[in-house]
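The sequence shown lines up with residues 1 to 221 when you count with the UniProt record's numbering.
Down below is the structure, laid out as structure tokens.
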Amino acid sequence: AVAYSKLAFEMAYLKIYFPLEFFSVLLNYDTKNAYLQDIKNKGIKLLGPDINHAERGFISDKGVIYVGFGKIKGLNRKVIDEIVEERNSHGLFSGLTDFLQRMAGSDIGESDIVQLTYAGSLDHFGYNRQELKTNAASLITAMEFGGSLLSETKISAIGEMSLLDRLAHEKEVLGFTISGHPIDSLRKEIVKKGYTQINDLKADQIVKMAVMIDSIRTTRD
């Protein structure tokens, strides 16, 4: 009991005085909604696995926390190591062409480009996610041929995917949304009407809540 109390005190101390470091370590073990909400309540900015800043796991850097590449579902683990090692050895990626040229010969494939796109890792390069997803196959083909073909590769201009699609893909590959929430546009109305948040629920309490139905399962009586 004494040991547990000491551990609880130390964790509380770290959470109060070193929140960035505390949560970046904690999230490497669990990304449940309570932790994500706690981060938001404390005003800590949580950013996606940016191609020029993220590491294998969650890290804190310059006042923000970056999601780690390792959190991206379906991303080749070897590709993660290759991206981090290339960036650490030769500097930040200056653009999409630079990224593709430097990753030529690696294990990166079309599905990895798509997963990185869905996670927002390639947003830094100035193309929208729909453009990157649609052109993923041609980008990999250009990588395989390299040289002038790669430098001449053009990204077809396409309208961005809808907000709901973007958030759905983030949830799909990360397990949570990073660039917003489907009900963000209704948040002022929710506060105005005094709806209760799930974190504030108490036993035997009758409340009004705004909810989003994610899926429906039909069972027989």
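Think of the CB as a built atom: it goes at the ideal place given N, C-alpha and C, for glycine as much as any other residue.
These numbers were taken from a predicted model, which means no experiment stands behind them.
- prompt: Do the stretch 36–48 and the stretch 183–192 meet, that is, are 3 or more Cβ pairs less than 8 Å apart?
  reply: no
- request: Go ahead and pull the three-state DSSP assignment for D61.
  value: In the structure shown, D61 sits in a strand (DSSP, three-state: E or B).
query: Can you give, in chain order, each stretch of the alpha helix (DSSP H) that sits fully within the UniProt domain "DNA polymerase helix-hairpin-helix motif" (43–132) and has at least 4 residues?
result: Counting only runs that start and end inside the UniProt domain "DNA polymerase helix-hairpin-helix motif" (43–132), the alpha helix (DSSP H) elements of at least 4 residues fall at 77–90, 96–103 and 110–118.
message: Quick check on the burial criterion: 16 or more other C-beta atoms within 10 angstroms. Buried or exposed for G120?
response: buried
task: Find the nearest neighbour of F22 within the set M11, D30 and K202, judged by alpha-carbon distance.
output: Answer by Cα proximity: M11.
message: Between K45, Q37 and F99, which has its C-alpha nearest N52's C-alpha?
response: The residue among K45, Q37 and F99 with its C-alpha nearest the C-alpha of N52 is F99.
field: Identity of the residue in Y29, L27, Q37 and S5 nearest G180 by Cα
entry: Q37
message: Using CA atoms only, rank isn't needed, just tell me which of S156, K171 and A157 is closest to L163.
response: K171
- prompt: Alpha carbon to alpha carbon, what distance is there between S111 and I213?
  reply: 29 Å
query: So is A157 buried or exposed if we call it buried at 16+ other beta carbons inside 10 Å?
result: exposed
field: Straight-line Cα distance separating L92 from K133
entry: 22 Å
query: Relative to the alpha-carbon of I198, which residue among M209, T219, G109 and R102 has its alpha-carbon at the smallest distance?
result: M209
- prompt: Rounded C-beta distance between Q130 and G159? I'm assuming under 8 Å.
  reply: 7 Å
query: Roughly how many angstroms separate the alpha carbons of E144 and K32, rounded to a whole number?
result: 39 Å
query: Sorted by chain position, which residues of the same chain lie with C-beta nearer than 7 Å to Y70's C-beta, five sequence neighbours on each side aside?
result: One point to set straight first is that residue 70 is Gly, not Tyr, in the sequence displayed. Excluding residues up to 5 positions away in sequence, R56, G57 and I80 lie with their Cβ nearer than 7 Å to the Cβ of G70 in the same chain.
query: Cβ atoms of L47 and Y66: under 7 Å apart, would you say?
result: yes
- request: Alpha carbon to alpha carbon, how far is K6 from L116? Give it in angstroms, no decimals.
  value: 41 Å
message: When you compare the CB positions of N135 and I155, do they come within less than 7 Å of one another, or not?
response: yes
Residue environment, A142, which counts as buried when at least 16 other CB atoms sit within 10 Å: buried
- prompt: So is the beta-carbon of V79 under 6 Å away from any non-hydrogen atom of the ligand MN?
  reply: Inclusion of the ligand MN in the displayed structure is not the case, the ligand content being empty and no account of it being possible.
- prompt: What does a CB cutoff of less than 6 Å around I190 pick up in its chain, not counting 5 residues either side in sequence?
  reply: A210
field: Separation of T219 from K15, as counted between CA atoms
entry: 43 Å
- prompt: Among Y29, D123 and S94, which residue has its Cα nearest to the Cα of D50?
  reply: D123
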